[in-house]
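Notes to accompany the following structure.
Protein chains in written order, with the working numbering: chain Z, 23 to 268; chain R, 23 to 268; chain X, 23 to 268; chain W, 23 to 268; chain L, 23 to 268; chain A, 23 to 268; chain G, 23 to 268; chain U, 23 to 268.
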């Protein structure tokens with residue numbers, strides 16, 4: 023945020039005092055929300071809209087506010103119903119149904135360094151798609167490698183080169199999460215593990231997969247919250263940008 | 023228990039009424055314990071002494087009672103201190119320090135069908151030895167395969183033939199217990215998993231390894247209590263006897 | 023998998039390169055799934071379809087793939103709705119409603135050695151049927167002994183001979199799971215315990231029954247996940263095959 | 023508490039104002055404690071001293087205060103060290119080491135109706151003794167039936183008459199606590215269950231036994247806190263007094 | 023069960039062999055259930071039907087079987103829908119909606135000794151009614167004292183005489199369950215505590231109330247499972263019968 | 023409660039004996055509830071109606087009873103459906119939809135000392151509104167400061183003066199609840215923290231936010247139950263009255 | 023912190039640049055710690071030293087740093103061993119053994135408005151003393167009311183006036199924590215509840231008391247961490263200052 | 023691992039068959055351990071010795087084996103006692119007492135890109151030192167920023183530049199772990215969070231800090247196991263190497 027430039031614009035009457043004041047404050051006051059307009063400057067990415075606890079009106083209002091600065095818009099955990107409304111209001115937007123993400127102005131891809139998104143099973147795919155769409159929206163290349171859980175470990179070995187050559191590896195697994203440790207023992211890249219709530223009984227809605235991953239006997243593994251495909255991709259994206267020298 | 027034979031012996035005055043009464047009741051009354059003298063007839067193995075909550079005097083008294091019938095004696099969770107006392111009283115006994123087991127009259131080995139005892143790490147060895155000594159005391163052959171955890175999965179593959187050719191496979195692991203799922207996906211023998219309390223933080227004293235194993239994506243796995251090497255070997259032994267046609 | 027034979031067939035143009043490549047890889051790539059075509063060779067049983075997290079289209083596609091090799095098909099946790107669709111597509115299939123299993127090409131029974139499926143109560147029967155149908159689909163004889171919980175323990179004793187003469191005993195119980203310990207103390211066969219989520223309050227959706235079974239004072243007991251009738255039968259089936267000398 | 027009588031005694035100068043005031047307040051102020059002198063009038067039994075969190079000086083001071091009214095003194099959870107000091111100060115007191123109870127002026131037994139104290143194993147005996155000594159101190163007859171756990175259920179049946187003929191049955195068990203349900207299904211007397219912290223792994227220091235007992239499939243069972251032998255006996259004693267028409 | 027009499031009836035052809043065999047076995051085999059016909063002889067009360075996990079057809083079949091012996095029928099946790107069906111089939115039955123109990127042939131009241139059913143709040147009433155109806159069906163007098171929680175403790179004191187004069191006191195409370203300790207400190211009768219799942223957040227569906235009650239600083243309290251009004255009344259009924267000299 | 027005055031009124035026949043008796047008892051007996059009519063005298067505020075477990079008829083009856091004394095009525099956790107009915111019966115009442123509160127006769131504001139109600143996110147607003155409406159109904163001024171969570175901490179600093187100048191600060195946050203510690207470290211007023219159930223996975227329905235707040239490294243923080251906006255405002259109101267010299 | 027004054031002092035060479043720089047930074051850099059020198063200005067009280075995780079050398083160094091500004095020093099959770107060392111280095115300091123607090127330069131008492139510190143039992147006293155000493159060190163009057171738990175509720179009523187007349191009430195209880203709800207229902211002052219780890223079994227080291235208090239049916243209660251006597255007193259002190267018009 | 027080169031050496035008799043066989047197998051068989059000699063080739067770093075569950079003899083033997091290849095040796099969780107023995111055997115090694123790490127042949131630093139190691143409090147320093155020493159041993163520059171927890175948030179802002187300019191940020195915090203979210207909201211670098219077991223009561227040995235961090239409202243945060251300073255540094259090191267173009 024260039025303070026001098028803002029003040030100059032006010033002086034030149036190119037910028038209203040209300041708008042200048044908002045730009046200096048670093049957030050837009052919407053009453054129900056204070057949209058963080060400095061997020062990209064501070065964190066490298068603009069504010070992402072977590073759709074679950076918000077009404078479609080709230081998502082829409084925040085989107086509109088962020089669009090003023092032509093920011094990349096990513097709204098996660100958006101239901102099909104809400105997506106229909108958003109699509110109507112923002113026809114240039116795109117809804118990824120499996121990922122439950124609504125995207126506007128995605129960042130264009132900057133290189134062929136890719137993030138590998140690996141799942142243990144078929145039921146983990148919705149979390150994987152949230153990760154993949156997030157990473158792509160943030161300008162990363164992504165390679166999807168699904169259903170290579172350790173019950174049939176030859177499926178993993180058949181895809182090992184694609185995993186080893188990635189910039190960062192996201193491993194997504196429910197049940198006992200054993201795939202994370204196996205992958206972690208075979209690669210020299212950062213592994214970001216996402217436990218999923220897939221399973222029953224002692225899976226405890228993903229707590230077991232989470233604890234399993236935190237206890238991984240393989241060293242280069244860090245973990246995000248259960249079903250948090252977005253968070254894993256966000257982290258992977260930061261790391262991938264490092265490789266690209268940003 | 024042959025009732026007619028007992029009664030005949032009483033009639034012939036070959037057996038005291040007190041002893042006959044005890045044999046018919048199926049247990050020896052020691053006051054603090056009622057030693058189950060019919061356990062072998064019912065379950066295939068004589069009563070095993072769980073040493074943890076018992077004084078050395080109690081272990082000794084139960085041992086003495088079981089010895090009357092020349093039974094195989096196995097006392098588990100016996101500390102070194104208690105073992106010294108027991109060794110003094112029963113010089114023909116043997117104390118396995120790593121396994122913390124005291125053994126008398128072990129059953130002789132009946133065949134070359136073996137139980138594989140596999141561990142993920144070095145710290146799991148004490149539980150593994152409890153399992154191995156139990157299995158050997160009950161007359162089984164045992165093959166020990168230690169420290170083949172998935173962080174270096176080539177160590178497992180180098181030992182896979184020995185695991186595949188076993189009659190039953192006991193897999194012992196702490197931390198995240200991923201080894202169980204990998205082994206379970208590679209063999210067609212019963213896999214009995216033993217979670218250990220090895221680990222820290224979210225390992226929760228073995229609960230995470232346990233839940234992980236119960237959620238294994240591999241199908242032929244059943245599980246026993248945390249650190250219960252004895253229980254795994256007991257089960258494996260019953261199954262191994264089936265193979266031997268008993 | 024006979025590699026030489028596959029290569030010979032390619033040479034003879036009896037096998038397309040695509041098909042040969044799939045056979046050598048050991049799995050069929052369906053995009054959302056990598057169907058494990060070597061499972062039977064490795065584990066003794068073909069891949070089983072866990073129906074819960076899958077759409078009926080996914081179940082159907084995997085079924086079709088497995089059918090190419092005329093494999094025994096077992097899909098578990100299949101709802102009545104999905105079953106109607108599957109039945110339409112695979113008219114020779116059979117849906118077991120109580121067990122929620124869809125079966126095609128069941129293995130024919132090989133002997134009279136049977137697996138006993140024992141329940142504590144009436145509410146445990148759906149889990150028991152999953153176990154029984156799984157075992158039968160895999161070619162085992164099964165004897166069902168339902169509602170013999172310890173609140174009326176004479177019901178158990180009246181059926182004890184059938185339990186004792188089984189090859190393997192599966193005991194299924196919710197609430198406090200006490201039946202497992204009583205049965206475990208009376209038989210010399212492997213006992214596989216299945217905790218169920220039947221109960222309320224401190225039952226904690228089956229966790230209490232599970233922990234109870236893992237702490238059983240009877241020795242020959244191993245445990246599978248809550249409500250996992252399939253897993254218990256899979257294990258029992260492996261053990262029963264041992265008895266039959268396979 | 024007869025208020026008129028107290029006031030009369032004050033008037034007659036037979037009672038100091040300090041003492042009268044204390045009697046009317048219903049407790050003795052010791053600074054660190056307010057000893058409840060009306061407990062017997064309200065609850066049927068005088069205040070019992072829980073020894074665990076208290077110094078021996080505190081136990082001693084409360085004992086002295088209670089002795090003024092010649093009350094029955096029961097101090098539970100008293101260590102051997104504290105007991106030596108107490109025994110010195112109150113030579114007529116008796117210390118039950120296994121029960122860890124210090125007793126003075128026990129109530130004399132009023133009838134032959136007895137409380138059965140039943141344990142599953144040998145390691146449960148210390149809790150059982152706390153129960154038995156409490157019941158005896160409160161004037162009840164007690165029958166001890168130890169080590170009749172369900173792993174050898176014939177030991178229970180051999181003692182069933184003694185259990186059935188009791189006025190109240192206290193069942194004490196650790197591990198999975200299955201004994202409670204079996205006994206509960208065989209008697210028509212109140213069964214008070216005491217879970218113990220005996221066991222390891224998923225026993226969770228007695229929580230599993232506790233939850234198991236609360237989920238008992240047998241109906242006439244109520245439960246007290248883990249290792250709370252005292253509480254079970256207190257309840258049993260109240261019930262036994264009912265039978266005796268008190 | 024009079025064996026001689028049954029055999030005599032068979033001999034006299036007054037009893038079919040099928041019926042005699044069932045009477046001797048002690049249960050009726052219904053396939054999905056083994057109805058315990060000796061429950062009353064053993065436990066003092068006939069088998070009670072827990073309605074939750076059962077279809078209305080199963081409840082109906084068990085009811086029919088129990089009716090053959092003109093037993094008192096109590097089915098708990100019966101929904102309104104199931105009740106309509108049952109009422110149709112057994113028009114002489116009565117459905118208590120608040121208690122969710124279906125009753126046939128209630129035992130007639132034997133004395134004026136009553137069980138007090140006390141609740142902390144209005145939301146605990148459904149559990150309280152299950153307790154009250156159970157107690158009444160088993161022939162006890164009941165006094166209901168509702169909404170006397172400690173936030174307004176004068177409401178409790180205004181009803182204390184009715185509580186003190188009861189034979190047994192059932193205290194039902196959710197949230198923090200404090201009422202149990204206060205009542206326990208004021209009466210000399212057995213107090214049976216029922217935690218309810220009333221509350222939110224850290225109430226944990228009644229676990230907090232349960233643990234609170236198990237830790238009560240008042241001594242004469244025992245506890246049953248969360249929301250288990252039936253179990254409390256069953257216990258209270260056994261104790262009340264003792265007072266009546268049964 | 024002026025006893026003399028009540029008795030005088032009875033004597034003068036200005037008050038019926040029934041009504042006098044109710045006033046002296048301190049509660050109104052409604053059968054399903056005993057409405058605490060002395061709550062305001064004892065606690066400073068009249069009884070508040072917790073709407074969740076109650077039927078609209080019950081809420082209505084209690085409201086009517088409280089209205090007799092012209093008390094301020096606050097019913098919390100009232101659904102929109104119930105509110106329609108209440109609004110019909112009590113047209114002068116007002117329903118706050120976001121707060122889910124029904125209010126009648128709110129206390130008029132007494133001063134400009136205000137309570138700050140601060141939230142971390144947009145999804146916490148419903149809990150915040152319950153707090154704000156409660157505080158306003160009890161006569162407090164309220165300042166709402168929403169969506170100032172630490173992910174964009176400049177939003178908090180921009181509002182810090184309003185927070186610092188409050189009489190009491192209520193901080194409402196889900197997820198990890200970090201806002202509480204940051205605010206606690208910046209103000210010298212009492213901070214009352216309300217964890218919300220906003221979040222997923224390891225949020226555990228608010229338990230994580232709760233435990234986080236209880237462990238706050240900032241000292242002047244106390245905590246109420248998860249989502250308990252009412253409780254926080256009740257506490258804040260008591261404290262605010264102190265400032266106003268009440 | 024008066025910035026102008028500091029700069030003036032630097033200019034006048036009354037203050038070294040190093041010291042001025044530290045004063046402006048708001049903390050003293052000790053390497054292992056950054057002592058917060060602005061805490062009193064921000065929060066009303068200087069930084070308190072939590073002694074548990076710190077060596078006596080660290081406590082001593084922080085004390086020395088704080089003493090430079092003649093601040094009130096309070097170090098909590100200080101063991102007797104550490105206290106001896108501190109007493110040697112700071113002879114004017116005082117160690118409160120029961121409270122485990124080391125105090126220097128306590129604030130002098132400003133009024134007779136007092137904080138009531140109430141405990142349920144004798145074992146809660148160490149936590150109570152931490153609260154009382156903290157409050158007194160911060161310049162508050164304190165009234166101690168110990169051992170008034172609800173098992174003998176008349177002891178509470180005998181002390182109710184002292185509780186009602188307090189400015190703030192701290193209630194400290196372990197086990198089931200019922201005292202909090204009873205007190206909360208009887209007073210119109212803020213009640214700050216401190217759960218203690220006193221108890222056993224399902225007390226879960228104080229978690230049960232904590233959850234119980236958070237679920238209190240009485241409204242004006244807020245809670246601090248288990249055994250956190252200091253935190254309760256800190257809060258109470260802030261509130262008490264409000265009454266005193268600070 | 024260059025297979026051809028190994029075989030050539032065998033042919034040339036430059037390498038014994040035993041040694042070649044070990045090199046080809048990828049691990050050294052020590053009986054109690056299978057040292058992974060390919061770890062560096064696969065994962066970028068040689069096998070690290072976790073010292074906790076191992077005897078000093080075991081640590082020593084593994085060290086010796088790894089030294090043959092002149093590998094960097096890092097043994098973590100090594101007690102002072104074990105360190106004395108190791109220092110004796112490997113005099114060129116260095117023991118970092120605060121970090122509890124034993125190091126031999128550390129990798130030399132390759133650049134000035136540094137990893138920031140940030141702690142909330144003084145008690146978190148031992149975990150921080152494990153992280154810092156690990157990172158340095160692996161050739162990274164490290165900047166330590168200790169005791170900047172949010173209770174005095176100006177301490178954090180005073181050090182923000184050093185944090186923002188790091189390559190990767192490790193944030194270490196116990197209690198409620200709020201520092202992680204605040205830092206995460208202010209930087210555009212990967213943040214690896216380490217929860218510590220520092221705290222008491224509801225801290226639950228670090229589980230609360232862990233869950234708090236997993237629920238962080240800031241996006242670029244991933245988490246490792248409780249107290250796992252090593253794991254955080256391992257991850258940070260992999261990422262830092264990416265920046266350095268490795």
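Don't be surprised by glycine CBs; every beta carbon is placed ideally from N, CA and C.
Helix, strand or coil for residue i per DSSP?
i: residue 195 of chain L; result: strand
i: residue 91 of chain U; result: coil
i: residue 169 of chain G; result: coil
Listing by chain order, which chain R residues have their CB less than 7 Å from the CB of residue i?
i: residue 270 of chain X; result: Chain X is shown only over 23 to 268; residue 270 of chain X falls outside these bounds and no answer can be derived.
When you compare the CB of residue i with every CB in chain X, is at least one pair closer than 8 Å?
i: residue 137 of chain R; result: no
i: residue 133 of chain L; result: no
i: residue 55 of chain L; result: yes
Residues of chain L with CB under 9 Å from residue i, in chain order?
i: residue 224 of chain X; result: 228, 229, 232, 247 and 248
Taking residue i as the query, report the chain X residues whose CB atoms sit under 9 Å from its CB, ordered along the chain.
i: residue 91 of chain L; result: Correct list: empty, because the minimum Cβ distance to chain X is about 15 Å.
Residue i CB to nearest chain G CB: under 8 Å?
i: residue 58 of chain U; result: no
Verify the CB distance criterion: does residue i have a CB-CB separation below 8 Å to chain R?
i: residue 195 of chain W; result: no
With a cut-off of 8 Å, do at least 3 Cβ pairs link the segment 120-139 of chain G to the segment 83-96 of chain G? The segment 120-139 of chain G, when compared against the segment 83-96 of chain G, does touch it at the 8 Å Cβ threshold.
For the segment 200-218 of chain W against the segment 231-246 of chain W, do three or more pairs of beta-carbon atoms, one drawn from each stretch, fall closer than 8 Å, so that the two count as touching? Output reads yes: the segment 231-246 of chain W touches the segment 200-218 of chain W.
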